[in-house]
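Positions -28 to -1, 1 to 317 (mature numbering (1 follows the signal peptide of the UniProt record, and there is no 0)) are the ones given, in order, by the sequence shown. Just so you know, even glycine gets a beta-carbon here, dropped at the ideal spot from N, CA and C. Only one structure is covered here, and it is reproduced in the block below.
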Amino acid sequence: MLKKRKWSVVLFALVAMIALLMGCSNQSDSKSNAGKDTKTAGYPIKIKHAFGETTLKSKPKRVVTIQWGNQDIALALNVVPVGFSAANFGVQDDSGLLPWTAKKLKELDAKKPNVFKDTDGLDFEAISDAKPDVILAAYSGITKEDYETLSKIAPVVAYPNAPWTTTWREQVKLDSAGMGMEKQGDKLIKDTEKLIKDKASKYPQLKGKKVAWVNFSAKDLSKLHLYTPIDSRAAFLSELGLEYPKSITDKIKDKKSYSLELSAENAEALNDADIIVGYGDDALYKAIKKDSLLSKIPAIKRGSVAFIASDTPLVAAGTPTPLSIEYTIDDYLKLLGKAADKVDE
């Protein structure tokens, strides 16, 4: 009996020791896994931009976007911003929303978006009231002063180099990083690139054609404004197979500038452009055709002009985002294709 009791005590002690060891092991594994989770999250992260470096200590939950198109990046990644800037160009009503933005908001069941009425300047109070964890401004024209003021509200993701020159890819990369969604951003880029490639392949007449994005004003035809190749409008044209002529790029002195002004007397710089793209309509084209200097431009003479009318969604799609590209690329390519066909006639 005593022997049996002794063995029971030994067995109990052995079981207790095994349980203790397993508990220590589980606790160690738990700590190890917690360390892995922290490492996977990757925070804090640092994002470099034109004003320095922004540090995000944790994944943002409340996202605010300001100025042009940054809300589209968040929405394309199925994130509804707690506040975003009204579109200041191409909107056909008082909603402040471009059609592709409105469409995506509807898909995400965001019935009452917080749209800042800031087309005349940033509304710092409204931005602050939205209580953001991060402010996305990868495509914008914010100044150093704006950046410093915004940084007092929340960490800011600004543009990489110069104002208003961020490409749609850079915009996706920066804004997605700012939301802690870099991998999803990379997938969005690949999907959009495939869409562009597939659509552009149906317009082989565009490949290798020389193009210039030029804005004319019927009120003053003595000068013209060009977007340089670093402007997102011009950069997107290159993705469709078009190229900027050297006669124009040679005139760009400030390599960080997105625009260039020329006098009508220097319009011969456009002679090598097969196609001219710009904002305008038939009335503007007729006025240019009557001008003694501008009418000599070969693209104007033959009519290989792709003017974008102000009453179409395309007017705001020249500065592209993944949402605007998907919404308008068919119409855009059709317009460019017609102009390219006239070059080959």
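- In this structure, the CA atom of T26 is about 44 Å from the CA atom of A312.
- Between the segment 99 to 119 and the segment 143 to 162 there are three or more C-beta pairs closer than 8 Å, enough to call the two in contact.
- Along the length of the segment 116 to 145, whole alpha helix (DSSP H) runs at least 4 residues long occupy 116 to 123, reported in chain order.
- Note on geometry: alpha-carbon atoms of T291 and K182 lie some 19 Å from one another.
- Here N238 is exposed, its C-beta having fewer than 16 other C-beta atoms within 10 Å.
- Across the structure, A288 and N50 are spaced so that their CA atoms are roughly 22 Å apart.
- Boundaries around G309 are those of the alpha helix (DSSP H), 294 to 315, since no beta strand (DSSP E) includes it.
- V287 sits in a helix when the DSSP states are folded into three classes.
- In the three-state reduction of the DSSP assignment, K228 falls in the coil class, being assigned neither a helical nor a strand state.
- As DSSP reads the structure, Y199 sits in a beta bridge with W185, S231.
- Closest in alpha carbon position to Y251, among G275, T284, D222, is T284.
- Among the bridge pairs identified by DSSP, S57 is matched with F88.
- Counting only the Cα atoms, A184 lies some 18 Å from P176.
- Between the beta-carbon of L94 and that of I38 there is about 6 Å, and that keeps the pair under the 8 Å contact cut.
- A102 and V277 have their C-alpha atoms some 44 Å from each other.
- Put simply, the backbone Cα of L232 is about 12 Å away from that of L242.
- Rounded to the nearest angstrom, the gap between the Cα atoms of V315 and D170 is 23 Å.
- Of the candidates N86, L47, G55, D222, the residue whose Cα lies closest to the Cα of K75 is L47.
- In the DSSP assignment, F279 is bridged to G250.
- Excluding residues up to 5 positions away in sequence, Y131, I202, D203, S204, K228, Y230 lie with their Cβ nearer than 8 Å to the Cβ of T137 in the same chain.
- Per DSSP, E215 lies in no alpha helix (DSSP H) and is assigned neither H nor E.
- In the DSSP assignment, K20 falls outside any alpha helix (DSSP H) and lies within the beta strand (DSSP E) extending over 17 to 21.
- For I107, the beta-bridge partners assigned by DSSP are V36, V128.
- Residue burial is scored here from C-beta neighbours: A281 has fewer than 16 other C-beta atoms within 10 angstroms and is therefore classed as exposed.
- Take the alpha-carbon of V249 and the one of V186: they are about 6 Å apart.
- Following the DSSP letters along the chain, one finds G24 in no alpha helix (DSSP H) but inside the beta strand (DSSP E) bounded by residues 24 to 28.
- P71 is not a Cβ neighbour of L77, given a cutoff of 7 Å.
- The beta carbon of A98 sits closer than 6 Å to the beta carbons of F88 from its chain, once the five residues preceding and following it are set aside; these are given in chain order.
- The C-beta distance from P217 to A172 rounds to 20 Å, too long to meet the 8 Å contact threshold.
- Of the residues V36, I17, E298, the one whose Cα lies closest to the Cα of D163 is E298.
- The residues I125, in chain order, have a CB closer than 8 Å to that of S100 in the same chain once the five nearest residues on each side in sequence are set aside.
- Taking C-alpha positions only, L178 is separated from L214 by approximately 6 Å.
- The closest CA to that of S235, considering only H197, K261, N60, is found on H197.
- Judged by DSSP secondary structure, G152 falls outside any alpha helix (DSSP H); it is assigned neither H nor E.
- DSSP, reduced to helix, strand and coil, places I114 outside both helices and strands of the structure shown, so it counts as coil.
- Sequence-distant partners of T200 (beyond 5 residues in either direction) whose C-beta falls short of 7 Å from its own C-beta, in its chain, are A206, I224, S229, Y230, S231, L232.
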